[in-house]
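What follows is one structure encoded as structure tokens, with my remarks underneath.
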Amino acid sequence: MTLQQARRVLDTAVRSYQQGDLHRSRVLATEVLQGSASVDDSDDAAIVRAQAHEILAVIHQDQGETEAALQAYRAGERALLGRPAHRVHLGRIQMSLYMMCVPLGLDQEADHYVHEARSNVAGSEYEAYLADLTFWADVDAEPNWQVQLQMCEDRKAAWEATPAPSAPRGLRRFRRDIARDQDAHIRLGWSLDRRIAELYIQHGTDEAAEEGFVTLAFHAVALMEHMNDHREFLSLTSTLSFLLDRPAIDLRNVLEKVVQTAFAAASRTGSAEMLGQAHFLAAVLQLQRRDLRTAMSEVLTSLALGMNELTRTGSTILRTEFKRQLDERRDLALTLCVRLGDAGTAAELIESQRLQTLPQRGTRFDGQTDITDVDLLLNSSRSDLGALDLVSVCGVSQLQGRAASHFPPSQQVVPLEWTIAAVGGDEAWWWGTFAALRRLHWAVRSPSGRWWCGTRGIDDEEFELVDRLGRDLVGTDAPAAVPLSTPAEERDVAARLGSIAIPPVLRAQLLHSAETSLVVCGNWLSVLPLASLALDPAADVRLVERAVIRIQPPAVLVARAGAARPPDRGTFPLLVACTDPDGSLENARHEDLAPLIKLSHRGESERPSGQATRANLIAGLSRFPAGTPGIFFYSGHAAYLDVNGGLNAVLVLQDDDVVAAGDWLGVFDTGKRLPSPTRVVISACDSAGSGGAGSGEWMGLGAALLSAGARQVIATAWPIADTPFTAAFEAELVSELEEADDPARLLTELQRRALQQWRRGTNPRRLAPYPVIWAGYQCLGVQR
Numbered sequence: 003m004t005l006q007q008a009r010r011v012l013d014t015a016v017r018s019y020q021q022g023d024l025h026r027s028r029v030l031a032t033e034v035l036q037g038s039a040s041v042d043d044s045d046d047a048a049i050v051r052a053q054a055h056e057i058l059a060v061i062h063q064d065q066g067e068t069e070a071a072l073q074a075y076r077a078g079e080r081a082l083l084g085r086p087a088h089r090v091h092l093g094r095i096q097m098s099l100y101m102m103c104v105p106l107g108l109d110q111e112a113d114h115y116v117h118e119a120r121s122n123v124a125g126s127e128y129e130a131y132l133a134d135l136t137f138w139a140d141v142d143a144e145p146n147w148q149v150q151l152q153m154c155e156d157r158k159a160a161w162e163a164t165p166a167p168s169a170p171r172g173l174r175r176f177r178r179d180i181a182r183d184q185d186a187h188i189r190l191g192w193s194l195d196r197r198i199a200e201l202y203i204q205h206g207t208d209e210a211a212e213e214g215f216v217t218l219a220f221h222a223v224a225l226m227e228h229m230n231d232h233r234e235f236l237s238l239t240s241t242l243s244f245l246l247d248r249p250a251i252d253l254r255n256v257l258e259k260v261v262q263t264a265f266a267a268a269s270r271t272g273s274a275e276m277l278g279q280a281h282f283l284a285a286v287l288q289l290q291r292r293d294l295r296t297a298m299s300e301v302l303t304s305l306a307l308g309m310n311e312l313t314r315t316g317s318t319i320l321r322t323e324f325k326r327q328l329d330e331r332r333d334l335a336l337t338l339c340v341r342l343g344d345a346g347t348a349a350e351l352i353e354s355q356r357l358q359t360l361p362q363r364g365t366r367f368d369g370q371t372d373i374t375d376v377d378l379l380l381n382s383s384r385s386d387l388g389a390l391d392l393v394s395v396c397g398v399s400q401l402q403g404r405a406a407s408h409f410p411p412s413q414q415v416v417p418l419e420w421t422i423a424a425v426g427g428d429e430a431w432w433w434g435t436f437a438a439l440r441r442l443h444w445a446v447r448s449p450s451g452r453w454w455c456g457t458r459g460i461d462d463e464e465f466e467l468v469d470r471l472g473r474d475l476v477g478t479d480a481p482a483a484v485p486l487s488t489p490a491e492e493r494d495v496a497a498r499l500g501s502i503a504i505p506p507v508l509r510a511q512l513l514h515s516a517e518t519s520l521v522v523c524g525n526w527l528s529v530l531p532l533a534s535l536a537l538d539p540a541a542d543v544r545l546v547e548r549a550v551i552r553i554q555p556p557a558v559l560v561a562r563a564g565a566a567r568p569p570d571r572g573t574f575p576l577l578v579a580c581t582d583p584d585g586s587l588e589n590a591r592h593e594d595l596a597p598l599i600k601l602s603h604r605g606e607s608e609r610p611s612g613q614a615t616r617a618n619l620i621a622g623l624s625r626f627p628a629g630t631p632g633i634f635f636y637s638g639h640a641a642y643l644d645v646n647g648g649l650n651a652v653l654v655l656q657d658d659d660v661v662a663a664g665d666w667l668g669v670f671d672t673g674k675r676l677p678s679p680t681r682v683v684i685s686a687c688d689s690a691g692s693g694g695a696g697s698g699e700w701m702g703l704g705a706a707l708l709s710a711g712a713r714q715v716i717a718t719a720w721p722i723a724d725t726p727f728t729a730a731f732e733a734e735l736v737s738e739l740e741e742a743d744d745p746a747r748l749l750t751e752l753q754r755r756a757l758q759q760w761r762r763g764t765n766p767r768r769l770a771p772y773p774v775i776w777a778g779y780q781c782l783g784v785q786r
């Protein structure tokens with residue numbers, strides 16, 4: 003294809019897009035890229051390639067394909083880097099990247115692109131446009147919503163007094179039809195209207211909120227009907243949760259038009275993401291009509307479509323952002339479950355918030371040298387996911403088949419009742435939670451098969467407590483985290499957290515039973531000090547005193563771990579111990595341990611074979627086939643580092659070497675899976691990964707070890723301090739684990755002893771059994 007031919011095809015692609023034929027436009031733009039590969043590397047050829055990438059990027063954006071849009075814009079940027087003749091066009095692409103990064107909450111990437119764009123568009127007519135874009139950063143930085151409102155209203159008044167700018171003639175057609183920069187003035191006005199409407203919806207009266215929603219609906223429908231652009235629908239759907247708290251508002255007439263437009267757009271574009279939004283809008287419409295069962299059917303379909311979209315997104319960071327959008331749908335579905343008394347569906351929705359899938363392989367940068375923040379964004383913790391498995395309750399999965407026309411069927415449906423028994427035994431209780439939009443949804447199951455569900459609002463004071471505690475636990479490795487530094491303070495926090503988190507039906511069961519096997523669905527709840535939560539504040543009865551707490555991995559992971567034959571009862575020798583591998587933790591050396599293979603830092607072991615290198619640890623673990631009865635003990639540092647082109651949970655070894663979760667998951671290019679013995683203790687900061695990552699998928703060290711042969715993994719939910727108490731606690735744990743029948747029960751007994759010591763308060767500070775230390779340990783996996 004010659005350069006002239008490429009330009010003609012590109013023009014046709016633009017016209018096709020203008021006429022709403024996105025498929026043909028995509029095909030032609032791709033044809034330009036393939037055909038122009040043989041064209042010379044001149045500036046003229048580069049701009050053609052960049053424009054083709056831009057066409058694809060805008061089409062991806064219109065169809066809700068965020069990851070693909072970022073990749074296309076990034077490719078367009080690469081085509082123009084180092085070409086001064088196209089500096090301004092490069093700046094416009096960087097402005098597009100900036101505009102994509104801001105709503106995703108990617109502040110560092112947004113700062114990078116706005117800085118680059120400002121340099122490239124300086125002196126051009128786009129300089130003022132960029133100033134309009136950065137106005138939003140100032141608005142977002144303002145904590146007071148009334149000040150935000152005044153800023154937007156002042157800017158709107160200035161906007162109304164300013165004529166719309168015009169683009170240079172040579173760029174008019176392309177920018178009008180593709181990036182639409184000459185419509186920037188109109189879009190700025192709409193953006194101001196949208197933010198003003200959102201502020202009234204969140205904080206204003208019912209009347210103001212209703213007017214705000216009508217404004218958003220008008221913009222969304224207009225953009226869809228006149229520009230084939232459904233991006234405003236995301237802003238629209240993100241505000242719908244306010245209807246759950248404002249039943250007096252009647253938006254049925256408005257929603258009917260919005261729903262009709264959304265389904266027409268989904269049919270025209272073939273976008274599963276758009277179809278998911280349309281079903282969510284339809285669910286809210288049915289809720290307004292008081293047809294709760296139809297509303298439930300619509301929102302479940304919307305959720306199934308969104309969950310399948312998540313599995314098609316390789317970047318964990320982007321999956322995290324998409325999950326926030328799905329949280330609104332799941333919140334509505336769980337609210338309907340409570341109104342309908344459908345606790346079984348509530349349990350399925352809570353369990354399926356954790357993607358029931360495992361990674362297939364990792365991704366490298368494939369020799370790319372000009373790696374930018376967006377490349378890191380798209381590849382950090384990147385993995386190709388397998389098919390999405392589902393969970394059934396009482397033999398039924400409400401999500402099964404709802405997205406079958408857009409995606410291949412699920413590989414399997416895992417019964418949640420079987421999962422609970424595998425983790426906690428036949429007499430176990432189950433407890434799951436889901437928190438979103440200042441609401442805490444919960445579900446509980448008794449051993450007899452009875453289900454309960456409920457919803458609890460979270461007020462500002464309670465939200466601040468949970469948020470502050472999370473910051474203190476995650477942000478410090480000191481033993482005296484602010485709210486847990488003294489027995490009196492810790493008791494107060496335990497009482498307040500217990501009143502927020504523990505459902506009444508579960509509280510009653512635990513207080514009236516000597517001991518309960520309690521299976522906890524691993525999510526945000528499992529990264530709170532779960533063991534120390536108060537059941538009865540007056541008597542200071544803690545959860546750990548009445549329950550053997552077992553953190554349940556996702557059902558798909560339990561199915562993998564539970565498929566292997568459990569080991570015969572007997573001893574579990576300490577096979578491999580890797581202690582203080584980098585020489586920085588004086589209390590983690592455990593010189594008295596006598597494992598079959600002991601590894602430590604160079605100062606502890608003069609023999610090269612005894613040093614904690616990656617090669618030695620892999621060799622040591624590889625001596626024992628996966629699932630060998632025995633223990634692997636690590637006491638050192640855990641971290642999240644870039645390994646093989648992606649972010650991985652790792653164990654830090656000597657000389658900054660690491661062994662990563664990907665080694666046990668078998669997702670690296672070698673395809674080899676590092677084996678694990680049946681029992682593992684990882685005494686390192688935030689090593690369990692029990693809160694999930696990304697959109698809830700478990701891919702941390704705990705999941706990796708369970709997928710590689712471990713049946714129980716005892717690890718930590720937050721940073722753990724290096725103190726003499728920590729050393730004594732983990733040494734006793736590892737020693738007694740060799741003979742223990744039930745690792746979760748052993749951990750519970752040790753935590754109960756530590757709680758009694760803490761209550762007595764007679765220990766020197768360095769030996770103090772701070773709950774911020776012992777409550778951080780948790781047992782993941784199956785019971786036997």
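Everything in the sequence shown is counted per this note's numbering, starting at 3 for the first residue and increasing by one. Beta carbons: idealized from backbone N, C-alpha and C, even for Gly.
Query                                                                                                                                                                                             : Result
State the DSSP-derived secondary structure class of residue 100, mapped to helix, strand or coil.                                                                                                 : helix
Short of 6 Å in beta carbon distance, which residues of its chain neighbour residue 539, apart from the five on each side in sequence? Order them along the chain.                                : 497
Can you tell me whether residue 715 is buried or exposed? The criterion is at least 16 other CB atoms within 10 Å of its CB, across all chains shown.                                             : buried
Keeping to the same chain, check which residues put their C-beta closer than 8 Å to that of residue 516; ignore five residues upstream and five downstream.                                       : 548
What does DSSP give as the partner residues of residue 435 in its beta bridges?                                                                                                                   : 444
Is it true that the region 517-528 meets the region 421-430, where meeting means three or more beta-carbon pairs spaced less than 8 Å apart?                                                      : yes
Helix, strand or coil for residue 575? Go by DSSP, reduced to three states.                                                                                                                       : coil
Please list, in chain order, all residues of the same chain as residue 2 whose beta carbon is under 6 Å from its beta carbon, the five residues on each side excluded.                            : Beyond the ends of the chain as shown, which are 3 and 786, falls residue 2; an answer cannot be given.
Taking Cβ to Cβ, would you say residue 31 is nearer than 7 Å to residue 72?                                                                                                                       : no
Is it buried or exposed for residue 124, if we count other Cβ within 10 angstroms and need 16 for buried?                                                                                         : exposed
Whose C-beta lies closer than 8 Å to the C-beta of residue 781 among residues of the same chain, with five residues either side of it excluded?                                                   : 551, 552, 553, 714, 715, 716, 745, 746 and 749
When the Cα of residue 432 is compared with those of 439, 445 and 441, which residue comes out closest?                                                                                           : 445
With H, G and I counted as helix, E and B as strand and the rest as coil, what does DSSP make of residue 307?                                                                                     : helix
Any C-beta of chain C sitting closer than 7 Å to the C-beta of residue 271?                                                                                                                       : Looking for chain C here will not work: only one protein chain is present.
Spell out the partners DSSP gives residue 636 in its beta bridges.                                                                                                                                : 580 and 684
Excluding five sequence neighbours on each side, which residues of the same chain lie with their C-beta closer than 6 Å to the C-beta of residue 395?                                             : 346, 349, 350 and 418
When you compare each of 154, 146, 149 and 321 to residue 136 by their alpha carbons, which one comes out closest?                                                                                : 154
DSSP has residue 394 in a bridge; who is on the other side?                                                                                                                                       : 417
Starting from the C-beta of residue 2, find all residues in its chain whose C-beta is less than 7 Å away, skip the five residues before and the five after it, and write them out in chain order. : The structure shown does not extend to residue 2, since the chain is modelled only from 3 to 786, so the question has no answer here.
Would you mind sorting residue 169 into buried or exposed? The rule is 16 or more other CB atoms within 10 Å of its CB.                                                                           : With a pLDDT of 39 at residue 169, under the threshold of 50, the predicted position of this residue should be treated as unreliable, though the coordinate-derived value follows. Per the 10 Å Cβ criterion, buried.
Answer with buried or exposed for residue 310, where buried requires no fewer than 16 other C-beta atoms within 10 angstroms of its C-beta.                                                       : buried
For the alpha helix (DSSP H) containing residue 657, name the first residue and the last one.                                                                                                     : Careful: residue 657 lies outside any alpha helix (DSSP H) and carries neither H nor E.
Under DSSP, the beta strand (DSSP E) around residue 526 begins and ends at which residues?                                                                                                        : No beta strand (DSSP E) contains residue 526, which DSSP labels as neither H nor E.
From the DSSP output, in three-state form, read off residue 131 for me.                                                                                                                           : helix
Which residue wins for smallest C-alpha separation from residue 452, given the options 469, 437 and 507?                                                                                          : 507
Please name the residue or residues paired with residue 788 in a DSSP beta bridge.                                                                                                                : Because the chain here runs from 3 to 786, residue 788 falls outside it and cannot be looked at.
Whole alpha helix (DSSP H) runs in the region 259-310 with 4 or more residues, listed along the chain?                                                                                            : 274-290
When the distance is taken between beta carbons, is residue 267 closer than 7 Å to residue 283?                                                                                                   : no
Pick helix, strand or coil for residue 782, following the three-state DSSP scheme.                                                                                                                : strand
Distance check for residue 503 and residue 466, CA to CA, integer angstroms please.                                                                                                               : 14 Å
Nearest to residue 514 by alpha carbon, out of 535, 545, 491 and 528?                                                                                                                             : 545
Starting from residue 613, follow its DSSP beta bridges and name the residues at the other end.                                                                                                   : 602
Could you give the C-beta distance for residue 712 and residue 678, rounded to a whole number, given that I count them as a contact under 8 Å?                                                    : 4 Å
Less than 7 Å between the beta carbons of residue 442 and residue 460, yes or no?                                                                                                                 : yes
For residue 509, which residues of its own chain have a beta-carbon under 7 Å away from its beta-carbon, when the five flanking residues on both sides are left out?                              : 537
Look at the alpha carbon of residue 599 and the alpha carbon of residue 664, and state the distance between them as a whole number of angstroms.                                                  : 23 Å
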